[in-house]
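Chains as they are written, first to last, in this note's numbering: chain A, 3 to 184; chain B, 39 to 153.
Where a beta carbon is used, it is the ideal one built from N, C-alpha and C, also for glycine.
Treat the numbers as computed from the prediction; the structure is a model and nothing was measured.
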Amino acid sequence: VTEVPCQEKTRSSGKSEPMNNEEEKNKPQTREIRLELPTIFKNELVAEATVRQIAELSGFTEEQIEEIETALGEACINAIEHSRVKEMKIHISFIPSDSYLSISVEDKGVGFEPQTVQSPVLSEKMKSIYKRGWGLMLIEKLMDEIEFDESVSQGTRLLMKKYLDGKKEEIRKEKEKAVDKK
Amino acid sequence: MTIDFDITVKKVNDIAVVYPAGYIDFEAKEKMIPAFHELLDNKIKRILINFQNVKKINSMGISVILEIIDEANERTAKIRYSNLSRMNVKLFKMIGLAEYGEIFPSEEEALQNFP
Chain A
3 VTEVPCQEKT
13 RSSGKSEPMN
23 NEEEKNKPQT
33 REIRLELPTI
43 FKNELVAEAT
53 VRQIAELSGF
63 TEEQIEEIET
73 ALGEACINAI
83 EHSRVKEMKI
93 HISFIPSDSY
103 LSISVEDKGV
113 GFEPQTVQSP
123 VLSEKMKSIY
133 KRGWGLMLIE
143 KLMDEIEFDE
153 SVSQGTRLLM
163 KKYLDGKKEE
173 IRKEKEKAVD
183 KK
Chain B
39 MTIDFDITVK
49 KVNDIAVVYP
59 AGYIDFEAKE
69 KMIPAFHELL
79 DNKIKRILIN
89 FQNVKKINSM
99 GISVILEIID
109 EANERTAKIR
119 YSNLSRMNVK
129 LFKMIGLAEY
139 GEIFPSEEEA
149 LQNFP
């Protein structure tokens, strides 16, 4: 696990300018944590244990932590399956902030077209020999936002976001206020 | 949580209480499917799965449970679940598994209310 201190851009230019002590103390900080795992089943449990610690430190509730763990585990399983080559790596990045936790899960495997994945229906699965295919649906239900990064040239990069309890609503209201003022 | 998966079965009158233990993923299939086949082959019609020693079930484990339910339905056996963790109850409800068998908080309640 590598921890990468970084500073959120507070100005649109992104240029850093000298700050006094008070500004330094209050400046928004994020700390990106990166994890690299061999594409071997059960390594999803390593990712889950890591995100549990990060989510606990970030102030998520136990119920939210369980949801994040499960979603990340499913994302890792998908990445392990899609890589289809032994001893490849999954690259996971965690970026905690005051309002949410962003997670990206990337593999360099054969990739897949997420838009072609149909949401599974239990009654149909019961009739079918193929009973798998629940992972993406679970991730969508357990996380607040998910997106596939289409700029990735090889493999798949899934971006997921979970808001701290109440923060999503708070941000939505702030956005509404900003729109009203305009 | 133990990673290695194991399964044990206890009989309570005509109900088979099954205790999976560990992580239910694709590897659990090797032990789960034969254990349920044996029960169904022995004409057991009421099966309770007690999940007290299962902390995690992933989507591959869900597909194993679906296979078991499918097989039980074909042989007109009834399956019920008990002692699921909060997250596993959530998973069962998201997938719709609760429609295929009632979830009870404890083994005692499940045994008392098994139809």
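Contact check, residue i vs residue j, beta carbons under 8 angstroms
| i | j | result |
| --- | --- | --- |
| Asp109/A | Met128/A | no |
| Leu141/A | Ala73/A | Per the sequence shown, residue 141/A should be read as Ile rather than Leu. Yes, the Cβ-Cβ distance between Ile141/A and Ala73/A is below 8 angstroms. |
| Ile45/B | Val56/B | yes |
| His84/A | Phe43/A | no |
| Ile106/B | Gly139/B | no |
| Ser104/A | Lys163/A | yes |
| Glu149/A | Ile97/A | no |
| Asn96/B | Gly75/A | yes |
| Ile141/B | Ala115/B | no |
| Asp146/A | Lys170/A | yes |
| Leu149/B | Val50/B | yes |
| Ser101/A | Leu161/A | no |
Local conformation of residue i per DSSP, three classes
| i | result |
| --- | --- |
| Ala54/B | strand |
| Tyr138/B | helix |
| Ile82/B | coil |
| Leu149/B | helix |
| Ala59/B | strand |
| Asn96/B | coil |
| Glu19/A | In this prediction, Glu19/A has a pLDDT of 45, which is less than 50 and means its spatial position is unreliable; what the coordinates show is noted afterwards. Of the three classes helix, strand and coil, the one that applies to Glu19/A here is coil, per DSSP. |
| Phe74/B | helix |
| Pro221/A | With chain A covering 3 to 184 only, the question about residue 221/A has no answer from this structure. |
| Ile2/A | With chain A running from 3 to 184 in the structure shown, residue 2/A is simply not present. |
| Thr158/A | strand |
| Arg113/B | coil |
| Ala152/A | One point to set straight first is that residue 152/A is Glu, not Ala, in the sequence displayed. The answer is coil: DSSP assigns Glu152/A none of H, G, I, E or B. |
| Thr41/A | coil |
| Glu115/A | coil |
| Thr12/A | Reliability of the predicted coordinates at Thr12/A is poor, the pLDDT of 35 falling under 50, and no value is obtained from them. |
| Ile103/B | helix |
Cβ-based burial, residue i [other Cβ within 10 Å; buried from 16]
| i | result |
| --- | --- |
| Lys133/A | buried |
| Gln9/A | Per-residue confidence for Gln9/A stands at a pLDDT of 43, beneath the threshold of 50, marking its modelled position as unreliable; no derived number is given. |
| Met21/A | Only weak support exists for where Met21/A lies, its pLDDT of 49 falling under 50; the coordinates are left without a value. |
| Leu86/B | buried |
| Ala57/A | buried |
| Arg13/A | For Arg13/A, the pLDDT reaches just 35, beneath the cut-off of 50, and the residue's location in the model is therefore unreliable, leaving the point undetermined. |
| Phe43/B | buried |
| Val112/A | exposed |
| Ser155/A | exposed |
| Pro143/B | exposed |
| Asn80/A | buried |
| Ser125/A | exposed |
| Gln121/A | Looking at the sequence provided, one finds Ser at residue 121/A rather than Gln. Classification for Ser121/A: exposed. |
Within-8 angstroms CB hit, residue i to chain E
| i | result |
| --- | --- |
| Leu74/A | The structure shown has no chain E; the protein chains it does contain are A and B. |
Would you list, in chain order, the members of the region 119–134 of chain B that have their beta-carbon closer than 9 angstroms to a beta-carbon of chain A?
-> Along the region 119–134 of chain B, going in chain order, the ones with a CB nearer than 9 angstroms to a CB of chain A are Ser123, Arg124, Met125, Lys128, Leu129, Met132, Ile133 and Gly134.
Is it a yes or a no for the region 96–105 of chain B touching the region 63–80 of chain B, going by three-plus beta-carbon pairs under 8 angstroms?
-> Under the Cβ criterion (8 angstroms, minimum of three pairs), the region 96–105 of chain B counts as touching the region 63–80 of chain B.
The region 127–142 of chain B in contact with the region 166–183 of chain A per 3-pair CB rule at 8 angstroms | They do not touch, by the three-pair rule.
The region 60–70 of chain A contacting the region 154–172 of chain A, beta-carbon criterion three pairs below 8 angstroms | A contact exists between the region 60–70 of chain A and the region 154–172 of chain A.
Contact list for the region 122–146 of chain A against chain B, Cβ threshold 7 angstroms | Leu124, Lys127, Met128, Lys133, Arg134, Trp136, Gly137, Leu140 and Lys143: these are the residues of the region 122–146 of chain A whose beta carbon lies less than 7 angstroms from some beta carbon of chain B, given in chain order.
Touching by the beta-carbon criterion (3+ pairs, under 8 angstroms), the region 37–54 of chain A and the region 114–124 of chain A = Taking 8 angstroms as the limit for Cβ pairs, the verdict is that the region 114–124 of chain A does not touch the region 37–54 of chain A.
Is the region 80–98 of chain B touching the region 108–120 of chain B in the sense that three or more CB pairs, one from each, lie closer than 8 angstroms?
-> Contact annotation: the region 108–120 of chain B touches the region 80–98 of chain B, with at least three C-beta pairs closer than 8 angstroms.
If contact means a Cβ-Cβ distance below 9 angstroms, which residues of the region 46–73 of chain A contact chain B?
-> For the region 46–73 of chain A, which is checked against every Cβ of chain B, the residues closer than 9 angstroms are Glu46, Leu47, Glu50, Glu64, Glu65, Glu68, Glu69, Glu71 and Thr72.
Interface positions of the region 97–109 of chain A facing chain B (Cβ-Cβ less than 7 angstroms), listed along the chain = Those would be none; no residue qualifies.
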